[in-house]
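2 protein chains.
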Amino acid sequence: MDYLELCESITEEIEDEINDLIGKKEASRQIRIGADDKPTRLIDNRAEKAAMNLLKSEDVLLITEESGKVDFGEPECAVILDPVDGTFNATKDIPFYSVSVAVADLDLSKIKFGYIKDIPRDNIYYANRDKSYLNGNEISVSQESELAKSSVSYYSYGVDKYKKSRLDQFVDRVRTLGCISLEMCYVASGKLEGFVDVRGAGVMDIAAASLIVRSAGGSFEVFSSNFPSKKVKKSTKSVASNGLVHEDIKGVL
Amino acid sequence: MDYLELCESITEEIEDEINDLIGKKEASRQIRIGADDKPTRLIDNRAEKAAMNLLKSEDVLLITEESGKVDFGEPECAVILDPVDGTFNATKDIPFYSVSVAVADLDLSKIKFGYIKDIPRDNIYYANRDKSYLNGNEISVSQESELAKSSVSYYSYGVDKYKKSRLDQFVDRVRTLGCISLEMCYVASGKLEGFVDVRGAGVMDIAAASLIVRSAGGSFEVFSSNFPSKKVKKSTKSVASNGLVHEDIKGVL
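Protein chains in written order, with UniProt numbering: chain A, 1 to 253; chain B, 1 to 253.
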C-alpha cells in the first residue's frame, strides 16, 4: 500500500465534497453528536462520508472523530482521520483548515506515515519515520533555543486558567490559529517554536502531526494518557516543539 | 483626491517592494527603533520607503509607525499608514498580514476612509463613513447576540494577566491570529463577533479598521486615551465588536 497515494486520494475526495460549503453558515449546522462526544457539523459529516466511501475498497481500520472505529476489508493498517481540522475556520472562510491522515500499525503501537493538507494554500505536509516534507521538500524545525525569542501556539478554552498568562510573559508571542494539525506543521517547518494544548486534543487531531514534528527533528510529548490510542473519546494534553525549547515551555506552563 | 485610488496605489507599491521578502529570515532583521519606539524590521522599512516615495507627489500629512509624521506638499488630509501589519506572519509566510491605510482630516478629528488589503488572499476591505465593502461587495457584522456563541480575537502579551482566562470561559472560542487590522475586518465581515486588545495598539494598527467595523454596523471603542491621535507612541486599549455582544465582552474582561 502506497501511503502517500492513499492519503492523497482520501484528501481529494474530501476536498471535492466540501468545496461548496467553505464560508457557508449551512456548513456549521449540527447533524448529531460524534463518536468523540463532540457535535458533528454538516461539513464534517459530508467530509467523513466521502472518505469512507473511498476507503470501502481498501483493507484498513478507520478511526475518526465522527464514526469512531470502522473495519474495511481485512485491515492491514489503521487510518486515523480528521476529515476537517479547523471546522470553525472552514465554515467562516478563515484560511486555516486541513485534512489530517495518519497511517498506523493495527494495534496503534506505531505511527508509520503522517499527511496533512493545508487546503486553502494547497500545501502538503507529510512524513515517514525518518523525514518530513512540505510539497516534497524536506523540512526541519527552527533552531531557536531561547524561549524569550520563541513563538508558541496555545489552546486553553477556559481550563488551566493562568497557564496562558504565564506563557505570555516568557515567550515572544502566542498564537491561537484554530487548526491544531496545521499549527503543528508550522512547528515542524520552523514557523513556530512550539505548540501547547492544555485542553486535550483527540488522537485524530494530533496523530499525523506528531510524526511530522518528530521526523522534522522536533519533540512531541503527551502530558497524560497513552498515545496513540484507539479511544476516540480520549483527549490528550500535549506539547510539540523544536526540541530546543521543549523543557523551557513545560517549565512555564 | 480619490481615496480608494490613493490607497490602492500605496498598496501596490508596498506589495511590489516586499514580495521577495515574504517567508525570509532576512525580512525580520532589525534596522532601527521606529517612531513608535518599537523595532523597525527590514520588511517594514522597505515597505514604508516605497509608500513614501509614492506619496512625495501627493499633498498629504503621513503618519506611520516607523517615521512618525511627515508632510508632503501642502497637506489636504492625513494618511495613517501601517505598511505591514502582521510583520511576524509575513516574515514566516503565515498567511495573515496586510497593508492598512486610513485617510483622516488634517486634525485627525474624523477618519474619512479606511482601506485594508489582505495580501496573501488578495482581498480588499474598505469603508467610507456610511458603508463597508469587501472586494466591492457590502459587508456587515454578525447578528450573533449571545456571548457564549461568539468568537473573539484577543491580544494580551503578558499584561492584564487573567483577562484572557476569564474571556475564555464566557465565549465559544478565542483566537490570536497575529494581524490586528485583518482581525478587525473579520469582525466587520461577520467571521468573528469581537476583537479585544488589552496591550494597547498604535493608531496606525486600528485607524482604518475602526471605520471599517463601524461602517459595517459594529462598535469600536477605546478604553483609554483619545483616538485617533497624532501621537504615534500612544497605544490604545480597544474593543471592536458586532455591537450586539459589545457590553457583554467588556463585562467579562
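The beta-carbon is built from N, C-alpha and C at its ideal position, and this holds for glycine as well.
Legend entry - C-alpha gap between residue 261 of chain B and residue 20 of chain B, whole angstroms: Beyond the ends of chain B as shown, which are 1 and 253, falls residue 261 of chain B; an answer cannot be given.
Inset, instruction - Measure how close the beta-carbons of residue 139 of chain B and residue 189 of chain B come, nearest whole angstrom, since I'm counting them as under 8 Å. - result: Taking the first residue of the second sequence as 1, we reach residue 139 of chain B at position 139. Taking the first residue of the second sequence as 1, we reach residue 189 of chain B at position 189. Contact flag correct, Cβ pair sits at about 4 Å.
Inset, instruction - Please confirm whether residue 208 of chain A and residue 115 of chain A have their CB atoms less than 8 Å apart. - result: Position 208 of the first sequence, counting from 1, holds the residue named residue 208 of chain A. Position 115 of the first sequence, counting from 1, holds the residue named residue 115 of chain A. Yes, these two residues count as a Cβ contact at 8 Å.
Legend entry - Beta-carbon proximity list for residue 211 of chain B, same chain, < 6 Å, skipping 5 on both sides: For the purposes of this step, residue 211 of chain B is taken as residue 211 along the second sequence, with counting starting at 1. 111, 114 and 127.
Legend entry - Contacting residues, own chain, Cβ-Cβ under 8 Å from residue 26 of chain B (five flanking each side not counted): Locating residue 26 of chain B in the second sequence gives position 26, where the first residue counts as 1. The residues are 42.
Legend entry - Cβ contact (3+ pairs, closer than 8 Å) linking the region 234-246 of chain A and the region 190-201 of chain A: Yes, since at least three Cβ pairs between the region 234-246 of chain A and the region 190-201 of chain A fall closer than 8 Å, the two stretches touch.
Legend entry - Buried/exposed call for residue 148 of chain B, threshold 16 Cβ in 10 Å: The residue you call residue 148 of chain B lines up with position 148 of the second sequence. Around the Cβ of residue 148 of chain B, a 10 Å sphere holds fewer than 16 other Cβ atoms; the residue is exposed.
Inset, instruction - For residue 251 of chain A, name the three-state secondary structure that DSSP assigns. - result: Stepping through the first sequence from its first residue, residue 251 of chain A is reached at position 251. In the structure shown, the three-state DSSP call for residue 251 of chain A is helix.
Inset, instruction - Per DSSP, which residues does residue 185 of chain A bridge with? Please list them. - result: To locate residue 185 of chain A, count along the first sequence from 1; it is residue 185. As computed with DSSP, residue 185 of chain A is found in no beta bridge at all.
Inset, instruction - Return the residue from the list A/46, A/24 and A/99 that minimises the CA-CA distance to residue 32 of chain A. - result: Your numbering for residue 32 of chain A matches position 32 in the first sequence. The residue with the shortest Cα to Cα distance from residue 32 of chain A is A/46.
Inset, instruction - Find out if the Cβ-Cβ distance for the pair residue 187 of chain B, residue 141 of chain B is shorter than 8 Å. - result: As a working mapping, residue 187 of chain B is identified with position 187 in the second sequence. As a working mapping, residue 141 of chain B is identified with position 141 in the second sequence. Note that the C-beta distance between residue 187 of chain B and residue 141 of chain B is below 8 Å.
Legend entry - is_contact[residue 176 of chain A, chain E] using C-beta, thresh 8 Å: Checking the listed chains, one finds no chain E in this structure; the protein chains it contains are A and B.
Inset, instruction - Compare the C-beta of residue 186 of chain A against all C-beta atoms of chain B and say whether one is closer than 8 Å. - result: Within the first sequence, residue 186 of chain A is the residue found at index 186, counting from 1. It does: the Cβ of residue 186 of chain A has a partner Cβ on chain B nearer than 8 Å.
Inset, instruction - Could you check the C-alpha separation between residue 176 of chain A and residue 195 of chain A for me, to the nearest Å? - result: Taking the first residue of the first sequence as position 1, residue 176 of chain A is located at position 176. Taking the first residue of the first sequence as position 1, residue 195 of chain A is located at position 195. Distance between the alpha carbons of residue 176 of chain A and residue 195 of chain A: 9 Å.
Legend entry - Straight-line Cα distance separating residue 93 of chain B from residue 146 of chain A: Residue mapping note: residue 146 of chain A aligns to position 146 of the first sequence, counting from 1. Residue mapping note: residue 93 of chain B aligns to position 93 of the second sequence, counting from 1. Rounded to the nearest whole angstrom, the CA to CA distance from residue 146 of chain A to residue 93 of chain B is 21 Å.
Legend entry - DSSP three-state assignment for residue 129 of chain B, whether helix, strand or coil: Counting from 1 along the second sequence, the entry for residue 129 of chain B is found at position 129. In this structure, residue 129 of chain B counts as coil in the three-state DSSP scheme.
Legend entry - Any chain A beta carbon closer than 8 Å to residue 95 of chain B: Taking the first residue of the second sequence as position 1, residue 95 of chain B is located at position 95. Taking 8 Å as the CB threshold, residue 95 of chain B lines the interface with chain A.
Inset, instruction - Tell me, please, whether the CB atom of residue 191 of chain B is closer than 8 Å to any CB atom in chain A? - result: Indexing the second sequence from 1 puts residue 191 of chain B at position 191. Yes, residue 191 of chain B counts as interfacial toward chain A.
Inset, instruction - Return the residue from the list A/67, A/61 and A/65 that minimises the CA-CA distance to residue 75 of chain A. - result: Taking the first residue of the first sequence as position 1, residue 75 of chain A is located at position 75. For residue 75 of chain A, the closest of A/67, A/61 and A/65 by C-alpha to C-alpha distance is A/61.
Legend entry - Cutoff 6 Å; reference residue 244 of chain B; Cβ partners in own chain excluding five residues on either side: For this step, residue 244 of chain B is matched to residue 244 along the second sequence. Around residue 244 of chain B: 145.
Inset, instruction - Could you give the DSSP three-state label for residue 154 of chain B: helix, strand or coil? - result: What you label residue 154 of chain B is simply residue 154 of the second sequence in a count that begins at 1. In the three-state reduction of the DSSP assignment, residue 154 of chain B falls in the strand class, which pools E and B.
Inset, instruction - Measure the C-alpha to C-alpha separation of residue 23 of chain B and residue 73 of chain A and round it to an integer number of angstroms. - result: As a working note, residue 23 of chain B is residue 23 in the second sequence. As a working note, residue 73 of chain A is residue 73 in the first sequence. Residue 23 of chain B and residue 73 of chain A have their C-alpha atoms some 45 Å from each other.
Inset, instruction - Check each candidate in B/44, B/77 and B/70 and name the one with the smallest Cα separation from residue 1 of chain B. - result: Residue numbering aside, residue 1 of chain B sits at position 1 when the second sequence is read from its first letter. Looking at the Cα atoms, B/77 is the closest of the given residues.
Legend entry - With 16 other Cβ atoms within 10 Å as the buried cut-off, status of residue 56 of chain B: Your numbering for residue 56 of chain B matches position 56 in the second sequence. With fewer than 16 other Cβ atoms within 10 Å, it is exposed.
Inset, instruction - Have a look at the DSSP bridge pairing and note the partners of residue 222 of chain B. - result: Here residue 222 of chain B corresponds to residue number 222 of the second sequence, with the count starting at 1. Per DSSP, B/238.
Legend entry - Closer than 8 Å at the beta carbon, the chain B residues around residue 88 of chain A: On the first sequence, position 88 is the one that residue 88 of chain A refers to. Simply 151 and 173.
Inset, instruction - With DSSP collapsed to three states, give me the class of residue 24 of chain A. - result: Here residue 24 of chain A is taken as the residue at index 24 of the first sequence, counted from 1. Three-state DSSP puts residue 24 of chain A in coil, outside helix and strand.
Inset, instruction - From the DSSP output, in three-state form, read off residue 100 of chain B for me. - result: Counting from one through the second sequence, the residue named residue 100 of chain B turns up at place 100. The answer is strand: DSSP assigns residue 100 of chain B an E or B state.
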